[in-house]
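Working notes, structure below.
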Amino acid sequence: MFRRLLDKINRFMYGRYGADPLFYALLILFLALNLLGNLFRLPVLWLLSYAPAIWALVRYYSKNIYKRREENRRFLALGDKVKSAFRLLRDRFRDCKVCRYRKCKHCRAILRLPIRRGKHSVKCPRCGKSFDVHIWF
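Sequential numbering from 75 applies to the sequence shown in the numbering used here.
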């Protein structure tokens, strides 16, 4: 009996997109908004919480796999940008006694420089151009 039910579910899901990281993020957003709406008794927030849940279910059962993959790719690219920004903050805090971080004036690359007080000429490894850097403390 249970096996027949699983077979029916598998046949129904054949050719559908299913779950991915964006699906799980939308479900977490739904749960957070729903919890906040219930906690602070805000019916508008509670109703708005169902939008990400509906979007997650539409994506889950969608047969347009290419479009869902593209949405997930953009979501992951945005997540990588956010992660790298937080990683840079973590590294700057961790290395504050050892080095300083400065941006290249030409290509905007972030350079990790040792603490040597004063004015120095630095060559960017990405673009190869030199510029002056002041390290005060």
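A virtual CB, placed ideally from N, CA and C, is assigned to each residue, including glycine.
Looking at the DSSP output, Ser123 shares a beta bridge with no other residue. Ile128 is positioned such that its CB atom lies no closer than 8 angstroms to that of Tyr91.
Approximately 15 angstroms separates the beta-carbon atoms of Cys173 and Ala183; this is outside 8 angstroms, ruling out the contact. According to DSSP, residue pairing for His208 in a beta bridge involves Lys193. Here the alpha carbon of Arg161 sits roughly 12 angstroms from the alpha carbon of Gly153. Check the Cα spacing between Trp210 and each of Leu187, Lys203, Ser204: the tightest is with Leu187.
Inter-residue distance for Arg200 and Phe114 is about 50 angstroms (C-alpha atoms, whole angstroms). With respect to the 8 angstroms criterion, Leu107 and Leu122 are classified as neighbours on the basis of their beta carbons.
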